[in-house]
Each structure stands twice: as C-alpha cells, then as structure tokens.
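Structure, as structure tokens:
Number of protein chains: 4
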Amino acid sequence: MGKRPLIVVNFKTYAEGTGENAIRMAQYCEEVSASSGVEIVVCPQAPDIYRVSNSVKIPVFAQHTDGAGAGSHTGHITAECVKSAGAGGTLINHSERRLLLADIDSAVQAARRAGLSAIICTNNVAVTIAAAMLAPQFVAIEPPELIGSGIPVSKADPDIVRGSVSAVKRVAPHVDVLCGAGISKGEDVAAALELGTAGVLLASGVVKSKDPKAALFDLVKSI
Amino acid sequence: MGKRPLIVVNFKTYAEGTGENAIRMAQYCEEVSASSGVEIVVCPQAPDIYRVSNSVKIPVFAQHTDGAGAGSHTGHITAECVKSAGAGGTLINHSERRLLLADIDSAVQAARRAGLSAIICTNNVAVTIAAAMLAPQFVAIEPPELIGSGIPVSKADPDIVRGSVSAVKRVAPHVDVLCGAGISKGEDVAAALELGTAGVLLASGVVKSKDPKAALFDLVKSI
Amino acid sequence: MGKRPLIVVNFKTYAEGTGENAIRMAQYCEEVSASSGVEIVVCPQAPDIYRVSNSVKIPVFAQHTDGAGAGSHTGHITAECVKSAGAGGTLINHSERRLLLADIDSAVQAARRAGLSAIICTNNVAVTIAAAMLAPQFVAIEPPELIGSGIPVSKADPDIVRGSVSAVKRVAPHVDVLCGAGISKGEDVAAALELGTAGVLLASGVVKSKDPKAALFDLVKSI
Amino acid sequence: MGKRPLIVVNFKTYAEGTGENAIRMAQYCEEVSASSGVEIVVCPQAPDIYRVSNSVKIPVFAQHTDGAGAGSHTGHITAECVKSAGAGGTLINHSERRLLLADIDSAVQAARRAGLSAIICTNNVAVTIAAAMLAPQFVAIEPPELIGSGIPVSKADPDIVRGSVSAVKRVAPHVDVLCGAGISKGEDVAAALELGTAGVLLASGVVKSKDPKAALFDLVKSI
C-alpha cells in the first residue's frame, strides 16, 4: 500500500490530556512520531484543539463533530469550526459519543465538505461494514467490552478485526480499517497490522501511562 | 439588587460568529460593553473559546458543557476544559442542545466545581421552576416557538416571563431569570428588565445583523 | 394522611414479567393486594398493558409514556393509547429510560390530560425537587447505583430519602414521594414508610424472585 | 420474483389509528387485502398490537422495537414482547424515532432472534446502503422532507428510489427496498413498483383520509 501505519491517540477527557497537559501530551506524540517515522494523530477535547494544533506539527483530530453546518445549532461542534481551529480530521460515533445513523452520515458529509478526514468508530463487523458504506476515510472497530480493559482486541478477538478488514475491502475498498480497545503495547500494534488494519486507536494505554513517552516508543518499536 | 443588566450573545454556529469571525464579533461586544457599562457575555463554539477569551476581556461562556469530569468521556465537553480555555460560564440545555434532566443536574454540579456560572435554558414556566431548583446562577426562559422569530418574548408572551420571575423568586431566590427568543431591539431589552429579569439571551438579532455593532448599541441604549 | 401505602412492581423486560408471564405475575400481585389491603400497582411492557389490565383489577401503569399526542409520532407511546389499553398511570424518566427535561414536562402534561397518574423517577435530592415542581402525582427517588443491588436505599442511604421527603413537602406538598432501588423485604418497605415515603418502587425483588408470591407477602407483612 | 407487492400502513399516533380506531382501521386494510390480493401490513402503536392482531389476519408490525432483550430495560419494547402480542415484524429507525447506529444493529438482531421481520427506515441512498448491510428483510427509503407532504417520493425524487434499489441489489441482494413519503394514490404505488421497489410505506394517505377504505382501494387498483 505504501501507506505508513497510523496511531491515533484519543485524549478523552483525561486530566492528563486536557488544557496545558494536552499540549505536553501532543508534544510527546510529535517527538515519537518524528523519531520513528510513524504517523501519530492526537485527539484532544474540542476546546483544546486550537492550542494543541498551534503547538505541534502532527495531525490533530477532533473527538466528535456534528453534521450541523452554519446556523441555529447551539452547542454543536461544526466541522468548519474545528478545521478553522487547526484540526485535520475527526472521530465520529465513538462508543462514548454514539450518534444516530442519519447523523453519522451527515457528520461524514460535513467533514468531507470542510476537508476533514473522518474516522467512524464501530462495535462489531456488521456495523463496521455499514459505517464503511458512508465513505469515511477510516472505520475503527472497537468492541466496547474491551475498551479500557488492557486486553488488546488484536489478541482477544482477532476474528472481529480480520472480518472487518476483509468485508470492508470487498464492499468499500477505499476505506481503511483501524482497530482499537485494549491496545497498549508494541506487540498489540504489530498484531493489528498483521491482521490487515491500517493502524490503531488507543487512549489510556498512552495518556494514563506513568510514562507516556516510553509507552509511545514501545508502541512504535515493532513497526 | 445593584446588579448590572446582563446581555448574553449566543454565537450559535453562525458563520458570522465562528473562527476569526468569532473574535471580531466578541470585540464588537467588548467595545459596546465598555462604552455603555452594560455587561455583555459572548458564547462562541467550544473550539473558539480559547481564541476568543484571549482576545477580549468580557466574559466568554460555552454554549454547552457536559456533566462528565475527567475520564473516559470521548467527545464530551468538560467544565474543567472550557474553564482552562478561558470560559467563565456556560449555557446548559439550550433548546438546540437539550439534555436529560439528570444530565442537567450533573452539568450544573460540574460547572460549580470548575468555578463556572451556569445558565440553564428552559421552555416554559414549569420547566423554569424545575431548573431553578438545580441551583444554577441563571435560568433563561425561551419559548421555542419564538426563537429566531424576530417577535420578542417580552412582548409576545410577557406572562411567561413574569410567571417565571415571580415563581423563581419564591422558590429559588438566589437564581436570576433571563429571557430570550426574538430579542433584537433596545425596547425588547427594556421590556424584559421591566418584567423583572436580570437580562436577556439573544443570537441572530446581533450575530446575523448587517451591522452587529449598531445592533448592540441599540440593545443597550435604554438600559 | 389516610392514604394506603403503595407498592409499585416494575416488570421491566424480565422474561418472568412479559407476555403470558406478565398476566400471572400481575395476578400474584392482585392476590396479595386483596388479602393484605396494601395497594399494589403493576408496570408491564407497553404491548402487555391491554392483556394485563383485562386480567386483573389492580392498577396497571405503563413503564414509560411520551409527551407526544395524536399525530406524526411513529414509535412513541401516547398517554391516550395506554389509557385506552387500560392503564391508570405511568412511570416517567425511569433510570433505564431517561428523558430530556422538557420531555418529562410534556409527558407529565400528556398524562394529566389523559387522566393518568404520573410517577417521575429521579436520582438524587436536587433532581427529585426539580421533578416535583412539574406536578406529577409522585416522584420516586432511586439512587442508580443501588438499583438491582439488593441493598435497600431505605437502609443504605436514608438521608437521600429523608431529604427528598422533607424538601418535596416544603415546595410541592401535593406530590408524594416513593423510594426505590434494592428493596426486596418487608423491613425495607417499613423503613421506607418510616422515612416518610408513600411507598416503594421495586422490580427484581419480586419479579426475579423464585417465589414472587412469597416475596410479595413478605413485602406487605409489616405494613 | 414471484413476491406480491407490499403496502405497509403506519398508524403513527393518529387518533384515527389508536385504540378502538386501530382495530377498525386494520379491518379496512384486511378487507382490501382480501379482495385485492395485495399484501397489506398494519403498524399500530405498541399498546394496540395485541388487540389489533387478535382482530385481523393480516400481518401486524410494531412501529419500533429496541435491541434490548429480557432484563433491566424499563420502558424498552422488546422484540419478544411484541412477538408474543401477535406482531410479525417491526419498523426500526423511523424518521420520527431515529436510533443510534449500534442500536439499529442490535434491534435487527433482536428482531431476527424473535422471528420478526425488520424494516429499517432511511433518509438517503448512502444511509439506505448502510442499513441494508445490517441484513434486515427490508429497507424503506423515505426522504424526510416529503413525509406527510402529499408529494410522492416516487415522482418527486425517483433517483433516490432508483439509486437505493440498484445499490442494495448490488451489495445486499437479499434485502428488499420499499419507499415512502408522500404516497397516497394508486399511481404513486405503481410508480414505486416500476422503480424496482417491493412496495410502499405510507401513513396519512390512508389513516387521515376521510374514507380510508376508498383510499386503500385506490392504492391497490393498479397493482
């Protein structure tokens, strides 16, 4: 494929990844990305996107954007706004921020119009395929029961990853598959790539680590 | 009371109040606030809070914050994060971003812990009283059918405003009542204050105005 | 007060309280109500209301109704419809079916128009008071962490019950307070009544019991 | 195909299709189905399913079912329960009762386990294809702006119907496509069938008609 593997680090609302800490965490990611050549994307909370994207050169993604555009949509996060704040993409439908099917579609469309990459998060093979038909750049399969568990999906449930990769390749070949949930080590990433994914989505494995930089170096070591 | 009347300008996701435009719009508000002595609060989209709060000295409020704190809450907007980005308060439960009752309560609690003022938006007298029992700083009564109508609530439905003010005064005397929907002129603001409110919440009347600064000067002229 | 204590048995979607089983479970409740003089209300799933209400003479409540009336509201459960099916009341905002604040208000209004009693479920003292301001017949305080725990709220957290009772008495004296979560024995009911409640809301303690009739007799024995 | 065209009549929460009226409306549908040989399915509110299915021999579908099974799911409508009440299928994700993507998937799975047919309602071609990947029996494309408009989708937007039919045939050939929105006359049904659909979904065109039986006879006349 020629593409570099992708590691997406979701800061969630962890204190370690919020406000000033978000900048420092993003700088760790940038440093490891620069020295390893692995593409690392960071996802801070919406109010931190501007600060973070002005502090690092690696891609910054939103954790969520809505399908709403300009208009009477108080409290919504528009793709245009996060783009203007420096984001290059967005998670959509994370398991902690699930959306209506019609709203996932409009969020993907809004991201496309604004020039943002979209990663739709999903929970099983059928939903992954459905999401892929909405034509995002990525789908990220994350079995909810493994999120934050420390048990990597790439080991605990390789079939769900393999099944997602092969089905998406068949029906939506331009969509890349990521996997997430329980990823914290380089061997988990290696296993994910061997299963045919384009990379991984993780959070606590880095952000809640006592030594995030060491955790990041471990993640990329086998790529 | 000794308190100054309050004008809350909600930028919604209007193009005229997003990104660089959010800064300019906030500066207009700051200028009119400074020259009139009227307190004006601006509510930009979450990704714009940092930029706006670093550009003006008037209070910046979020359009929405969640009750979630630090943790696994991808895509949520925490009170701590918007506080760290420079916000001094937040709208909660705007008619375009309604919340579960239990989540309004936790959002008010989270705002309080973070040192943010909370304005709960409501749609009728009963809901206003219920919201006031959750002990925010403000409740803002906005009949949904009048939002964006150009017909000011203070004229179209003075009873809903008067009823909210008197009921809140009786059961939750520390909570101030704002009113919104259809407000665009100084006489609407004057009428709202005469009905006993602490101020108004408005959006298109300023942000979609051809001349927002003139609209703002008109708003404050009779205070 | 002269009122009889009230026991509300929520069948949830338990197999033991669905379809034909719902009728049998309701008949147990009717039998114990008749022989003890304690008022017992049963809450089957919406599709079972008609059958259950035609099989027993005790009150049947819905587990949820929407605020929508007649019109284009596919998939909503109207108060008129459950009334026509034989219901006498409804739970609103159960912790497993939380609603927007504005929708709780319209659901209470719709119940009132249809002649249904409304029980708004709540999670803490502040939310209980807020709910009481919407003028339902009952509020039912159920700390979510105790639901299904087997640890009765009336013992684990008497202050939340006492606080709810005294606050509601002060600001909304016509609203009766129930409590729920973890209730399974007669002594839990007795404790709840001593704390000033009008009765209890329970589910698994009866419906999932090996001997529901014995469980019911135990519940009412100390009343 | 050998299959008979299908007409699905959604009673929504219309007074004319609720309670005793639901039985009479279903009987009209049964009469027209019997005399024309066209398959007509009726969708009453959940509390009416039992009464309606015991009054007519044509299929009765729910307007909504949840993915939840037996358990602690107060206020949810389980597939098992509507099946036990006599339903043979269910609408899922109607535009007036939109669901999270993951919940559409679990609702389809729950319907399948209970032996119910599932019709997923959708709003555009991309969403229709996504829904079809979840393997329901039917997808029903209904552009929201045409619902209740009296302007039939089969005339106003034949491309959305044609596009849905051809895309679904390609990626999910076992899923049949229905179309809805604005359908009220026999010629609309004929147009829908010519576009390759298996039938239509309609509501007000029959249920709010002054003479529902005449409206039904008109609908089937050109089949």
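Residue numbers (this note's numbering), protein chains in the order written: chain A, 7 to 229; chain B, 7 to 229; chain C, 7 to 229; chain D, 7 to 229. Each residue gets a CB set at the ideal place from its N, CA and C atoms; glycine is no exception. All values derive from a computational prediction rather than experimental measurement.
DSSP places L222 (chain B) in the uninterrupted alpha helix (DSSP H) bounded by P218 to V226.
By the neighbour-count definition (other C-beta atoms within 10 Å, threshold 16), K89 (chain B) is a buried residue. At least 8 Å separates the beta-carbon of I189 (chain D) from that of V44 (chain D). A Cβ-Cβ separation of about 6 Å places T203 (chain B) in contact with V171 (chain B) under the 8 Å criterion.
Going by C-alpha positions, S42 (chain C) is about 17 Å away from M31 (chain C). When C-beta atoms of the segment 77-87 of chain D are compared with those of the segment 47-64 of chain C, three or more pairs fall below 8 Å, so the two segments count as touching. A direct Cα-to-Cα measurement between E22 (chain C) and P179 (chain A) gives close to 47 Å. For T19 (chain D), the three-state secondary structure derived from DSSP is coil. At least one CB atom of chain B sits nearer than 8 Å to the CB of T80 (chain A). At a cut-off of 8 Å between beta-carbon atoms, N16 (chain B) makes contact with chain A.
The alpha carbon of K191 (chain C) has as its nearest neighbour, out of C:K18, C:A141 and C:G205, the alpha carbon of C:G205. At a cut-off of 8 Å between C-beta atoms, A146 (chain B) does not count as an interface residue with respect to chain C. Look at the beta carbons and you see the segment 123-135 of chain C touching the segment 134-154 of chain B: at least three pairs across the two are nearer than 8 Å. In the three-state scheme derived from DSSP, where H, G and I count as helix and E and B as strand, G43 (chain D) is classed as coil. In this structure, the straight-line span from the alpha carbon of L184 (chain D) to that of L12 (chain D) is close to 8 Å.
Within chain A, no residue has its CB atom less than 7 Å from the CB of G188 (chain B), the nearest being about 13 Å off. The beta carbon of R168 (chain C) is closer than 6 Å to those of L201 in its chain, skipping five residues each way along the sequence. Residue pairing by DSSP places G95 (chain D) opposite D:F67 and D:S123 in a beta bridge. Of all residues in the segment 35-59 of chain C, the ones placed with a Cβ closer than 7 Å to any Cβ belonging to chain D are Q51, A52, P53, D54, I55, Y56 and R57, in chain order.
With the rule of 3 Cβ pairs closer than 8 Å, the segment 91-110 of chain A counts as touching the segment 64-75 of chain A. Bounds of any alpha helix (DSSP H) do not take in I147 (chain A); it lies within the beta strand (DSSP E) bounded by F144 to I147. For the set C:E193, C:Q33 and C:A117, the Cα lying nearest the Cα of K227 (chain C) is the one of C:E193. Taking 8 Å as the CB threshold, G95 (chain D) stays off the interface with chain C. For L208 (chain D), the enclosing beta strand (DSSP E) starts and ends at G205 to L208. DSSP lists no beta-bridge partner residue for T134 (chain B). Per DSSP, the beta-bridge partners of I13 (chain B) are B:I46 and B:V206. V183 (chain A) has A:V145 as its beta-bridge partners, per DSSP.
Along the segment 100-129 of chain D, the positions whose C-beta sits under 7 Å from a C-beta of chain A are R104, L105, L106, L107, A108, I110, D111 and N129, read in chain order.
Taking S61 (chain B) as the centre and dropping the five residues before and after it, the same chain places the C-beta of I29, A32 and Q33 closer than 8 Å to its C-beta, in chain order. Just so you know, the alpha carbons of E26 (chain C) and R57 (chain C) end up roughly 9 Å apart. Taking C-beta separations shorter than 7 Å and ignoring five residues to either side along the sequence, the partners of E36 (chain D) in its chain run V62, K63 and I64, following chain order. Taking C-beta atoms as the reference points, I153 (chain C) and S101 (chain C) count as a pair closer than 8 Å. Nearest neighbour of T96 (chain C) by Cα position, chosen from C:L222, C:F223, C:V212 and C:F17, turns out to be C:F17. In this structure, the beta-carbon distance from A209 (chain B) to S160 (chain B) does not fall below 8 Å. As a beta-bridge residue in DSSP terms, T128 (chain B) pairs with B:I147.
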